[in-house]
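These notes are about the structure you will find just below.
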Amino acid sequence: MIHLFVTAGIVIIAQKAAATNLVTGQNAAAFNSMCRLARLLQSKSTLPVLNDVKEGPYKEIIKLNMTLTDSKWRSIFRTKEGGQKWQKKPPTDPEAPADWAQRWDDWLTALKSLEDDEGKAKPNSDFFQDLNENQKSAIRPRLLEIASAAAETADELSNSKPTGDALKEATLDKHMNKLLTGDESVDPAAATVLQMFGAATSSARDGPCTAKESAPAPMSLMAALACVCLSESGSQADRICTRAQAAGENWANGGDPTVGHIHNLVKLCPPALKHELTAAELQAAVEQIVDATTATTSEFYLGSFASSCNGQQANGRCIKWSKTDGSRPELNPYTPWLKDIAQMASELKQREDYNRQVATAKQALKTLQAEA
5 MIHLFVTAGI
15 VIIAQKAAAT
25 NLVTGQNAAA
35 FNSMCRLARL
45 LQSKSTLPVL
55 NDVKEGPYKE
65 IIKLNMTLTD
75 SKWRSIFRTK
85 EGGQKWQKKP
95 PTDPEAPADW
105 AQRWDDWLTA
115 LKSLEDDEGK
125 AKPNSDFFQD
135 LNENQKSAIR
145 PRLLEIASAA
155 AETADELSNS
165 KPTGDALKEA
175 TLDKHMNKLL
185 TGDESVDPAA
195 ATVLQMFGAA
205 TSSARDGPCT
215 AKESAPAPMS
225 LMAALACVCL
235 SESGSQADRI
245 CTRAQAAGEN
255 WANGGDPTVG
265 HIHNLVKLCP
275 PALKHELTAA
285 ELQAAVEQIV
295 DATTATTSEF
305 YLGSFASSCN
315 GQQANGRCIK
325 WSKTDGSRPE
335 LNPYTPWLKD
345 IAQMASELKQ
355 REDYNRQVAT
365 AKQALKTLQA
375 EA
């Protein structure tokens with residue numbers, strides 16, 4: 005129905021849709037949120053390295069302290085059998101210091117930096133060669149105090165080191181690609197409906213567009229894009245996600261959705277530039293999708309919903325989550341393209357916070373190193 009409004013002599017034309025009918029662009033918010041995530045998933049970006057508080061000043065302090073140790077102490081780090089071999093594990097000693105086992109690896113690393121495998125001093129390894137024995141004895145207690153303080157600082161952070169398993173640099177690109185396409189290795193431009201949904205879908209789309217354990221389901225972002233954006237034949241509302249969609253890109257009658265139409269949706273979301281990922285951008289991508297959802301008493305929906313997600317303009321074009329599978333969409337195990345990104349954002353935030361703490365600790369250790 006077309007209405008004419010006259011305001012200050014200007015004629016404004018507006019089209020009013022039927023009460024439940026979809027209109028062009030109605031799923032723009034849902035599409036824009038998924039497009040943002042699709043760009044990140046294709047970016048082949050990197051992760052910040054988890055910093056080690058024991059690199060840098062700490063290691064130098066322990067090395068300096070080891071420089072002042074006597075031959076009797078150093079001999080403990082070598083085995084008694086088979087010549088000069090390194091003692092990889094601390095020997096049993098009832099009179100050993102309380103931190104014997106905890107410090108062993110650090111002490112051994114320090115000694116290896118000072119001596120070769122045969123026990124000979126490495127070049128330039130005696131930092132106190134200009135001091136006589138009395139002078140060395142005088143500074144030894146203070147250097148031991150500095151080393152103990154450094155170890156305490158390092159321990160405090162090492163014990164709180166993040167242990168999550170969602171952030172793996174070696175498999176990041178493959179993981180991201182699987183969240184996008186359903187397969188870790190396939191090029192998005194060659195991904196199949198079977199890979200995206202986990203099984204053939206047929207023309208009935210309400211089931212394949214419902215998050216659930218059994219396939220077909222919107223287990224990849226490309227599947228979700230198909231559910232929310234592809235039209236239906238028979239003069240149904242078209243280009244519901246963006247006017248950039250080609251007209252007539254429908255979910256096929258009598259079969260799976262036309263895979264080329266799904267590829268075209270992803271082409272509208274070109275990869276972001278390669279960069280180091282941040283927790284803030286991942287969390288923002290998750291929140292934009294969640295903000296675009298609506299809810300009933302029992303379900304969440306992404307995309308326009310009236311009575312189902314079967315694609316008909318009077319019913320809805322959407323994906324559906326049951327609230328029994330998670331209190332929020334990003335917690336639902338059956339849409340890993342959202343849940344995994346939310347988990348990665350959380351773990352990345354922990355890593356960023358930890359790295360900031362390490363940087364602060366290293367400044368303190370640097371001060372101790374200068375004193376040493």
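For reference, each letter of the sequence shown is one residue, going 5 to 376 in the numbering used here. The C-beta atom is built at its ideal place from N, Cα and C for all residues, glycine as well. All figures in this text were calculated on a predicted structure; none of them were measured in a lab.
Burial state of residue i (16 or more Cβ within 10 Å)
i: Glu-253; result: buried
i: Thr-297; result: buried
i: Arg-169; result: The amino acid at residue 169 is misidentified as Arg; the sequence shows Asp. So Asp-169 counts as exposed.
i: Leu-225; result: buried
i: Lys-126; result: exposed
i: Ser-331; result: exposed
i: Asn-138; result: exposed
Beta-carbon gap between residue i and residue j smaller than 8 Å
i: Lys-343; j: Leu-335; result: yes
i: Pro-340; j: Met-223; result: yes
i: Thr-157; j: Ala-368; result: yes
i: Asn-31; j: Cys-245; result: yes
i: Leu-147; j: Asn-55; result: no
i: Glu-280; j: Pro-52; result: yes
i: Leu-269; j: Leu-229; result: yes
i: Ala-256; j: Ser-207; result: yes
i: Ala-289; j: Ile-345; result: yes
i: Thr-50; j: Phe-132; result: no
i: Leu-41; j: Ser-308; result: no
DSSP three-state assignment for residue i, whether helix, strand or coil
i: Ala-21; result: Residue confidence for Ala-21 is low, a pLDDT of 29 falling below 50, so the modelled location carries little weight and cannot support an answer.
i: Ile-323; result: strand
i: Leu-72; result: coil
i: Ser-331; result: coil
i: Trp-108; result: helix
i: Arg-82; result: strand
i: Ala-170; result: coil
i: Ala-158; result: helix
i: Thr-11; result: Below a pLDDT of 50, predicted positions are generally treated as unreliable, and Thr-11, at 34, falls in that range; no measurement from the model is reported.
i: Glu-280; result: strand
i: Asn-359; result: helix
i: Thr-50; result: strand
Segment limits, alpha helix (DSSP H) that includes residue i
i: Cys-233; result: 225-233
i: His-265; result: 263-271
i: Cys-39; result: 32-45
i: Leu-176; result: 176-185
i: Pro-337; result: Element bounds for Pro-337: n/a, residue is neither H nor E.
i: Phe-201; result: 197-201
N-terminal and C-terminal residue of the beta strand (DSSP E) that residue i is part of
i: Lys-299; result: One point to set straight first is that residue 299 is Ala, not Lys, in the sequence displayed. Unbroken beta strand (DSSP E) run through Ala-299: 297-299.
i: Gly-307; result: 303-309
Backbone CA spacing between residue i and residue j [nearest angstrom]
i: Gly-29; j: Cys-233; result: 9 Å
i: Asn-36; j: Ala-193; result: 20 Å
i: Leu-8; j: Pro-275; result: Because the pLDDT at Leu-8 is just 38, under 50, the model does not fix this residue reliably, and the value given afterwards should be weighed accordingly. Approximately 42 Å, taken between the alpha carbons.
i: Glu-180; j: Ser-47; result: Looking at the sequence shown, residue 180 is not Glu but Met. Taking the straight line joining both Cα atoms gives about 9 Å.
i: Gly-60; j: Thr-185; result: 42 Å
i: Pro-97; j: Ser-152; result: The sequence shown places Asp at residue 97, not Pro. Using only the alpha carbons, I get a separation of about 21 Å.
i: Ile-16; j: Pro-166; result: The predicted position of Ile-16 is uncertain, since its pLDDT is 31 and thus under 50; a value taken from the coordinates is nonetheless stated next. If you take the alpha carbons of Ile-16 and Pro-166, they lie about 58 Å apart.
i: Lys-89; j: Gly-123; result: 9 Å
i: Ser-162; j: Lys-63; result: 14 Å
i: Glu-291; j: Ile-65; result: 45 Å
i: Ala-142; j: Thr-371; result: 21 Å
i: Thr-300; j: Asp-110; result: 57 Å
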